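No gaps in the numbering here: position 405 of the sequence shown is 404 in numbering that gives the first Met the number 0, and each next residue is one more.
These notes concern the structure reproduced below.
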Amino acid sequence: MILLFSLALILPFLTAFLVGGMKRKASSSFSIVMTLVTLICAMVGVIRIFPHKIEYILVNWSWLETHRGIFGFFLDPLSSLMLIVITVIGFLVVLYSLRYIGPDNRDHPLHHGESRYYFWLLLFIGSMIGVVTAPNFLQLFVFWELTTLCSWALISFYRTEEGLTAGFKALTMTYIGGIFFLLGLVILFVATKSFSFDAINLLSPSRKTIVFILFLIAAWAKSSQIPFYTWLPDAMAAPTTISCYLHAAAMVKAGVYLIARTFISVSGISWATGLIVSFGAILTMLVALFFFFFQDDLKRLLAYSTIAHLGYILLGVGLGILGSSIGFQGGVLHIICHAFAKGLLFLTVGVIAYAAGTKSIKRLQGLSHTMPLVTVAFLVGICAVTGIPPFSCFWSKFFLITGSLQIGGLIGILILIPFIVEVVLAFAWFFFVGQKIFFGEPSDSAWKVQRIPWSMSFVLIVLMAFCLIAPLIGMSIVKMIHLSP
């Protein structure tokens, strides 16, 4: 078992360094094979241990005088759910990149730099695997910072002025979050001589609250929540494949994972903290919704949608702190439901940009006449992300609404009403945009699309299937997550 998880962690890093000196075709083909092997190792490991949890401590530093080890592996249902998202979408993104990253892309033709692209993408995948398999906060922090570095390099990948500025902004804002994480880590270690997840329970109530709030601020920065939300829309200067992975499976999901991991490990979090988490999430949703109506670039629209949906996940944690177990389950379930829905939408936009040379809503109309598969994929993605049954996010939103009702009283109403407003208006705007770009008389850009490569079409079909089966996978895992007594 330890061999499988060791391979799943090591292979992306090893492959990243090996592809550095390869030519384009060799680097893409090798990356596809190795991410597939990584996916297989991770899935076999998850299947073999589920629904139990395992912990292996491989390294301990006696001079640090810690009560627990420093480096190892930890897998439980929450880690397993994240690992599925990271490795499945990671493989699909690498496969999709086979033709997207190249000279035929009308939006961003690329004639060199493929090896650099695969180096940072594989490092990104490996870093996220490290985040979710870490057995303690220290190891999680090390890989957390690696994802910050990878996101900076990938957002800046095209080396345009826009991309370099966006990459630096993402690096700076998420690094600020990392400082808060580090402060919480230091307080935890000084008081307990441990970095383990459950060590927070050894703190006094006031210190426990302080550490949780510090971790929450770190998560807000990483997951682009208020007041740190502005870096994520600017990060759309990255290749669409990177935007997909960043939003669906990496970086921004690391923040919500940290808070979910802390919550299930800690007992006795104060009611006031639950209110901060919940209302911070609600405020972020409403602000992101406001910006929907001013976007012409499809990717920036999806970016603001991701900000809102990360708020859904944090709302679930907030509901859990306030006493609703089904609300917490809805938040965790939304991780996998949103991942495949948003991954499908981003890669659909990537196909449109690849074939038509634009992502502008104003310039696109009537794409259903020339891109039928893309039309179906985008509409499935809209249904999934806005919560139309039986598609993925319907189930997690159902849990969140039920959790709000379970809280009851004035607090429940103050959470439920703005949440319902966001759900309804997001649904209406996404379908308005979908109708605009896919139906009606085709625009010039719609008539001049080029043929879609098989690798991209295959990935869209797989993601459409996952928009239906993701809730089944997620619910079987979520019900196995046990909260700290």
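Here a beta-carbon is modelled for each residue, glycine too, at the ideal position from N, C-alpha and C.
In this text, all values refer to a predicted model and were calculated from it rather than measured experimentally.
Assigned secondary structure, residue i (DSSP; H/G/I helix, E/B strand, else coil)
i, result
"tyrosine 157", "coil"
"leucine 415", "helix"
"leucine 57", "strand"
"phenylalanine 49", "coil"
"phenylalanine 390", "coil"
"aspartate 443", "helix"
"phenylalanine 292", "coil"
"serine 359", "strand"
"glycine 489", "A question about residue 489 goes unanswered here, because the residues of the chain that appear run from 0 up to 484."
"glycine 407", "coil"
"lysine 435", "helix"
"lysine 22", "coil"
"leucine 148", "helix"
"leucine 2", "helix"
"alanine 307", "helix"
"proline 470", "helix"
"glutamine 449", "coil"
"glycine 267", "coil"
"isoleucine 281", "helix"
"serine 454", "helix"
"leucine 41", "Reading off the sequence, residue 41 comes out as alanine, not leucine. The answer is helix: DSSP assigns alanine 41 an H, G or I state."
"isoleucine 400", "helix"
"proline 11", "helix"
"isoleucine 69", "coil"
"serine 28", "helix"
"leucine 321", "coil"
"methionine 81", "helix"
"alanine 259", "helix"
"isoleucine 476", "helix"
"methionine 463", "helix"
"leucine 340", "Per the sequence shown, residue 340 should be read as alanine rather than leucine. DSSP places alanine 340 in helix when its eight states are reduced to three."
"proline 238", "coil"
"methionine 250", "coil"
"methionine 370", "coil"
"histidine 333", "helix"
Integer Cβ distance of residue i from residue j, believed to fall under 8 Å
i, j, result
"leucine 122", "phenylalanine 12", "7 Å"
"cysteine 382", "cysteine 336", "Their Cβ separation, rounded to whole angstroms, is 12 Å, which puts cysteine 382 and cysteine 336 out of contact at 8 Å."
"isoleucine 451", "valine 350", "6 Å"
"tyrosine 311", "valine 131", "Actually they are not in contact, since the Cβ atoms of tyrosine 311 and valine 131 sit about 19 Å apart, beyond 8 Å."
"valine 432", "isoleucine 360", "6 Å"
"alanine 237", "isoleucine 306", "In fact, because the Cβ distance is near 16 Å, the residues do not count as touching under 8 Å."
"leucine 245", "leucine 301", "With a Cβ gap of about 11 Å, leucine 245 and leucine 301 do not count as contacting."
"tyrosine 55", "isoleucine 9", "Wrong, their Cβ atoms sit about 14 Å apart, outside the cutoff."
"lysine 298", "serine 242", "6 Å"
"leucine 170", "tryptophan 151", "4 Å"
"leucine 346", "leucine 462", "7 Å"
"aspartate 296", "methionine 235", "7 Å"
"serine 114", "methionine 21", "6 Å"
"valine 90", "threonine 34", "The residue asked about is misnamed: residue 90 is phenylalanine in this sequence, not valine. Between threonine 34 and phenylalanine 90 the Cβ distance is about 5 Å, and since that is below 8 Å, they are a contact."
"leucine 74", "phenylalanine 4", "7 Å"
"serine 277", "leucine 318", "7 Å"
"threonine 369", "tryptophan 446", "7 Å"
"cysteine 40", "alanine 7", "4 Å"
"arginine 158", "methionine 455", "So it is not a contact: roughly 24 Å between Cβ atoms."
Per DSSP, the bridge partner or partners of residue i
i, result
"leucine 74", "Ile53"
Any non-hydrogen atom of the ligand ATP within 7 Å of residue i CB
i, result
"phenylalanine 196", "In the structure on display, the ligand ATP does not appear, and there are no ligands present to speak of."
CB contact below 8 Å: residue i versus chain C
i, result
"aspartate 233", "Any reference to chain C falls outside this structure, which holds one protein chain only."
At 4 residues or longer, and completely inside the stretch 90-139: list those alpha helix (DSSP H) runs for me, N to C. 113-132
Count the C-beta pairs between the stretch 432-440 and the stretch 370-385 that are closer than 8 Å, then say yes if the count reaches three, no if not. yes
Length at least 4, wholly inside the stretch 153-236: the alpha helix (DSSP H) runs in chain order: 160-191, 204-221 and 230-233
Using 8 Å as the cut-off, can you tell me whether the stretch 260-277 makes contact with the stretch 195-207, which would need three or more C-beta pairs spanning the two stretches below that distance? yes
Touching or not, the stretch 466-483 and the stretch 110-122, by the rule of three or more beta carbon pairs under 8 Å? no
With a cut-off of 8 Å, do at least 3 Cβ pairs link the stretch 292-311 to the stretch 269-283? yes
Assess contact between the stretch 177-187 and the stretch 212-224, defined as three or more Cβ pairs (one per stretch) separated by less than 8 Å. Is contact present? yes
Closer than 8 Å is the cut-off here; do at least three beta carbon pairs connect the stretch 157-166 with the stretch 182-193? no
Taking one C-beta from the stretch 320-329 and one from the stretch 384-399 each time, how about it: are there three or more such pairs within less than 8 Å? yes
Kindly confirm or deny that the stretch 219-234 and the stretch 27-44 touch, where touching means at least three C-beta pairs closer than 8 Å. no
Is the stretch 419-426 in contact with the stretch 353-367, if contact means three or more CB pairs nearer than 8 Å? no
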